[in-house]
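**Q** First residue of the sequence shown? That's 633 in the working numbering, and the numbers climb one at a time after it. Built from N, CA and C at the ideal position, the CB exists for glycine as well. Keep in mind the model is a prediction, meaning the values are calculated, not measured.
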Amino acid sequence: MPVVAQGSASRTQRLIVVMALGAAVAAALFLGNGADRVSSGPASGRAMNDVSRSQPTSARTLRIGTWNIHSGVGRDGRYDLQRIAKCLDGLDFVALNEVRGLAAGSANNQAAALGATLQQAWLFAPSERQWWHDHFGNAALTDLPISAWLRIPLPCSQGKGYRNALLMTVETAGAPVRVLATHLDRSHDRAVQLAAVSDLFLALAEPCVLLGDLNTTSDDAQIQRLRCAPGVEDPFAARLGGNDEFRIDWILTRGLHSVRCDIEDRGASDHPLLWAELKISEPYPLSPRHATRAKPDRVR
């Protein structure tokens with residue numbers, strides 16, 4: 633039986649320990665890098681995903697909604713994207729916040745899963761990446777043509793909790809409608825992010841819409857200035873009257889007139905769904921390339 637010198641055995645044991653520690657450190661660094669949230673950065677394009685589902689329309693109104701879907705988890709704590717989809721039926725365009733890069737039980741992101749259910753074109757606009765994939769952000773669903781979109785990172789001073797704005801050009805019979813959708817930080821960076829999206833919204837050519845979870849209530853000085861800016865309309869001002877002190881989800885317009893609007897809360901998220909039927913204010917001529925498409929009424 634071979635005999636191993638005691639010194640040689642000790643060196644071997646030390647080598648094994650060093651190698652194990654090195655592997656542990658490498659694994660920790662690898663997992664640590666994956667756990668870090670990083671900005672997804674800017675992006676742009678000229679079409680949604682599944683654009684074959686987009687249909688021109690001769691209608692001069694646009695049913696547009698905004699909803700923070702809380703990653704698909706309702707007030708009852710239950711994850712149910714099908715429940716989310718049922719609430720969205722009948723909208724021409726909806727901007728979504730708190731959308732996850734992976735849908736439970738699927739290799740697709742939540743925007744793709746909802747688009748497949750609703751038979752609508754979709755776009756996921758991640759604001760951050762984690763675990764080496766697009767992790768969290770905003771999204772849009774529509775059955776109208778989109779001619780351009782731009783993903784714009786917003787200021788972030790904390791190195792986490794990245795946010796962005798999604799600017800899209802929606803083609804309607806009346807005129808191209810520019811839609812700016814966002815979800816703002818609720819603490820340190822909220823004010824500077826609100827200033828950035830407000831300036832962009834006011835600089836857009838009409839007709840245009842700003843919508844999303846602004847994490848800002850009606851008593852905030854910035855939101856008050858924005859609502860009072862020339863040409864800006866709040867479809868829910870008359871609807872809510874003085875009962876909007878807790879509202880943080882907004883739809884604001886320029887160059888559009890609200891035909892009707894509603895706030896729906898069926899418990900599918902921790903936020904309500906806001907939607908408004910908007911009519912283009914100016915009498916733009918009907919484009920001959922728009923074919924008639926009937927709009928289903930909202931499902932209650």
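Please say whether Thr-689 and Ala-717 have beta carbons closer to each other than 7 Å?
**A** Taking the sequence shown and counting its residues from 1, the one referred to as residue 717 is at position 85. Taking the sequence shown and counting its residues from 1, the one referred to as residue 689 is at position 57. No, they are not a contact pair.
**Q** I'd like the span of the alpha helix (DSSP H) that includes Thr-749, first residue to last.
**A** Indexing the sequence shown from 1 puts residue 749 at position 117. Element bounds for Thr-749: 742-750.
**Q** Which residues mark the beginning and the end of the beta strand (DSSP E) in which Thr-784 is found?
**A** Residue mapping note: residue 784 aligns to position 152 of the sequence shown, counting from 1. Just to set this straight, residue 784 is Ile in the shown sequence, not Thr. Looking at the DSSP string, the run of the beta strand (DSSP E) that includes Ile-784 is 778-785.
**Q** From Leu-842 to Ser-738, what does the alpha carbon distance come to, in whole angstroms?
**A** For this step, residue 842 is matched to residue 210 along the sequence shown. For this step, residue 738 is matched to residue 106 along the sequence shown. Cα to Cα, the separation comes out at about 31 Å.
**Q** Around the C-beta of Val-726, are 16 or more other C-beta atoms found within 10 angstroms, so that it is buried, or is it exposed?
**A** Mapped onto the sequence shown, residue 726 falls at position 94. The residue in question, Val-726, is buried, as its Cβ has 16 or more Cβ neighbours within 10 Å.
**Q** Are the beta-carbon atoms of Thr-736 and Leu-755 separated by less than 7 Å?
**A** Within the sequence shown, numbered from 1, the residue matching residue 736 stands at position 104. Within the sequence shown, numbered from 1, the residue matching residue 755 stands at position 123. Checking the displayed sequence, the identity of residue 736 turns out to be Ala instead of Thr. No, these two residues do not count as a Cβ contact at 7 Å.
**Q** Considering just the uninterrupted stretch of the beta strand (DSSP E) at Ile-883, what are its terminal residues?
**A** Along the sequence shown, read from residue 1 onward, the residue named residue 883 stands at position 251. Counting along the chain, the beta strand (DSSP E) containing Ile-883 begins and ends at 881-886.
**Q** Could you check how far apart the C-beta atoms of Thr-698 and Leu-906 are, in whole angstroms? I think they sit under 8 Å.
**A** In the sequence shown, residue 698 corresponds to position 66, counting from 1. In the sequence shown, residue 906 corresponds to position 274, counting from 1. So it is a contact: roughly 5 Å between Cβ atoms.
**Q** Please list the terminal residues of the continuous alpha helix (DSSP H) segment that includes Leu-858.
**A** For this step, residue 858 is matched to residue 226 along the sequence shown. It spans 853-860 - the alpha helix (DSSP H) in which Leu-858 sits, taken as one unbroken run.
**Q** Say yes only if the C-beta of Ser-672 is nearer than 6 Å to one or more non-hydrogen atoms of the ligand MN, and no if none qualify.
**A** No copy of the ligand MN appears in this structure; indeed no ligand is present at all.
**Q** Express the C-alpha separation of Asn-847 and Arg-707 in angstroms, rounding to a whole number.
**A** Within the sequence shown, residue 707 is the residue found at index 75, counting from 1. Within the sequence shown, residue 847 is the residue found at index 215, counting from 1. So the two alpha carbons sit approximately 18 Å from each other.
**Q** Based on the DSSP output, what are the partners of Asp-845 in its beta bridges?
**A** Counting from one through the sequence shown, the residue named residue 845 turns up at place 213. DSSP output for Asp-845 lists His-815, Asp-881 as bridge partner(s).
**Q** Of the residues Gln-825, Ile-784, Pro-808, Glu-803, which one's Cα is nearest the Cα of Gln-790?
**A** As a working mapping, residue 790 is identified with position 158 in the sequence shown. Among Gln-825, Ile-784, Pro-808, Glu-803, the Cα nearest to that of Gln-790 is on Gln-825.
**Q** For the putative contact between Pro-787 and Ala-828, defined by C-beta atoms under 8 Å, what is the C-beta separation to the nearest angstrom?
**A** Taking the sequence shown and counting its residues from 1, one reaches residue 787 at position 155. Taking the sequence shown and counting its residues from 1, one reaches residue 828 at position 196. The pair is a contact, with the Cβ atoms about 6 Å apart (cut-off 8 Å).
**Q** Please report how far the alpha carbon of Leu-798 lies from the alpha carbon of Glu-896, in whole angstroms.
**A** As a working mapping, residue 798 is identified with position 166 in the sequence shown. As a working mapping, residue 896 is identified with position 264 in the sequence shown. In a straight line, the C-alpha of Leu-798 is about 23 Å away from that of Glu-896.
**Q** For Ala-598, does the three-state DSSP call read helix, strand or coil?
**A** Summary: the structure shown does not reach residue 598, with the chain confined to residues 633 through 932, and so no result is reported for it.
**Q** Suppose contacts are defined by Cβ-Cβ distances below 7 Å. Is Ile-701 in contact with Ser-901 by that definition?
**A** One-based indexing of the sequence shown puts residue 701 at position 69. One-based indexing of the sequence shown puts residue 901 at position 269. Against a cut-off of 7 Å, the Cβ pair of Ser-901 and Ile-701 comes out as a contact.
**Q** With 16 other CB atoms within 10 Å as the buried threshold, where does Val-931 fall?
**A** The residue labelled residue 931 in the question sits at position 299 within the sequence shown. Note that Val-931 scores a pLDDT of 45, beneath 50, so its modelled location is shaky and nothing firm can be said.
**Q** Identify every residue that forms a DSSP beta bridge with Pro-758.
**A** By 1-based counting over the sequence shown, the position of residue 758 is 126. Beta-bridge pairing links Pro-758 to Gly-769.
**Q** Inspect the beta-carbon positions of Thr-804 and Leu-694 and report whether they are closer than 7 Å.
**A** One-based indexing of the sequence shown puts residue 804 at position 172. One-based indexing of the sequence shown puts residue 694 at position 62. Yes, Cβ-Cβ distance for Thr-804 and Leu-694 is below 7 Å.
**Q** Assuming Leu-884 contacts Leu-858 (C-beta within less than 8 Å), just tell me the rounded distance between them.
**A** Position 252 of the sequence shown, counted from the start, is the residue given in the question as residue 884. Position 226 of the sequence shown, counted from the start, is the residue given in the question as residue 858. Contact holds; Cβ gap of about 7 Å.
**Q** Taking 7 Å as the threshold (C-beta atoms), are Ala-757 and Asn-741 in contact?
**A** Within the sequence shown, the letter at position 109 stands for residue 741. Within the sequence shown, the letter at position 125 stands for residue 757. In this structure, Ala-757 does not lie closer than 7 Å to Asn-741 by Cβ.
**Q** Along the chain, where does the beta strand (DSSP E) containing Ile-912 start, and where does it finish?
**A** Within the sequence shown, numbered from 1, the residue matching residue 912 stands at position 280. Here the beta strand (DSSP E) through Ile-912 covers 905-912.
**Q** Taking the alpha-carbon positions, what's the His-922 to Gln-751 distance?
**A** Within the sequence shown, numbered from 1, the residue matching residue 922 stands at position 290. Within the sequence shown, numbered from 1, the residue matching residue 751 stands at position 119. Confidence in His-922 is poor, its pLDDT being 45 and thus under 50, which makes the residue's placement unreliable; the coordinate value appears in the next sentence. Spanning the two alpha carbons is a distance of roughly 20 Å.
**Q** Straight-line CA distance for Asp-776 to Gly-806?
**A** By one-based count along the sequence shown, residue 776 stands at place 144. By one-based count along the sequence shown, residue 806 stands at place 174. According to the sequence as given, residue 776 is Leu; it is not Asp. Taking the straight line from one Cα to the other gives about 13 Å.
**Q** Kindly indicate which residue of Ala-869, Val-705, Leu-812, Ala-835 has the alpha-carbon position closest to the one of His-903.
**A** In the sequence shown, counting from the first residue as 1, residue 903 sits at position 271. Comparing Cα-Cα distances from His-903 to each of Ala-869, Val-705, Leu-812, Ala-835, the minimum goes to Val-705.
**Q** If you follow the alpha helix (DSSP H) that Arg-695 is in, where does it begin and where does it stop?
**A** For the purposes of this step, residue 695 is identified with residue 63 of the sequence shown, where counting begins at 1. Not the alpha helix (DSSP H): Arg-695 falls in the beta strand (DSSP E), residues 693-700.
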